[in-house]
Every structure is written in structure tokens, then in C-alpha cells.
Amino acid sequence: DLELSTAAIGWVYFEKLILKGYVVKDNRKLVAAVCLFLAMKINESREVSEDSILDQEFSVFAELDFSLWVPCREFMPHLVRMFEAAGTHRTLSDYLGTSTFYAYQT
């Protein structure tokens, strides 16, 4: 069982890297996984192997009701906060482009 504090630490690592401009579209999934892995190494008392991660993948997916979809209303407040803190683009529209997928009202 993953300690909630480990997940929080992993999120902090990931957010710090976003704010530094290190996380980009091409590396975001790998960096997120590495952040959680590093948090586990520092905060957990036992080793977690790649095999155990892969063994848990289906269980986690099932616990998420086989849905990885996150509505914009749930993730956009986080994205807006990170975007504003990062200051790497002039506007959120510049960052998101013209996709209507991210249509969001602040």
C-alpha cells in the first residue's frame, strides 16, 4: 500500500519540475512516473520493483472504474495554477493552442 504522503511528495516533485519548465508534452508521462518512484524511494520503507508496479496496473485501473478520463473541471484548476506559476507562456490559450478539448472558463 502506497502511503498518501508518498503520493503527495511525488506530486510536489512533479509540480516543481513543471514550474521549472522541465516537463514538456514529450516527457510528461515518464517524468510523472519517475517523480512517484523517487518519492517511494525516499518515503517508503520497502523497495518497489518494476514487476510489482506492472502487477498492480490492472488493479489500479479497476479501482478507477476502468476510466482514465478526468473532466476538465477537475484538472483545469491545477493546470491553471501551474501555468500561472511557471510563467513560460503569455496566455493559457498560447499554451493550449486552438483545441476545443481544453475549453475552460475561469
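For what it's worth, this note's numbering labels the leading residue of the sequence shown as 22, then goes sequentially. All C-beta atoms in this analysis are idealised placements derived from N, C-alpha and C, irrespective of residue type, glycine included.
Rounded C-beta distance between Leu40 and Met97? I'm assuming under 8 Å. Not confirmed; about 17 Å, so no contact.
Three-state secondary structure (DSSP) of Val81: helix
Boundaries (first-last residue) of the alpha helix (DSSP H) holding Asn48: Neither: Asn48 is in no alpha helix (DSSP H) and is coded neither H nor E.
Which of helix, strand or coil does DSSP assign to Lys41? coil
Compute the Euclidean distance between the alpha carbons of Thr109 and Leu100, then round it to the nearest angstrom. 13 Å
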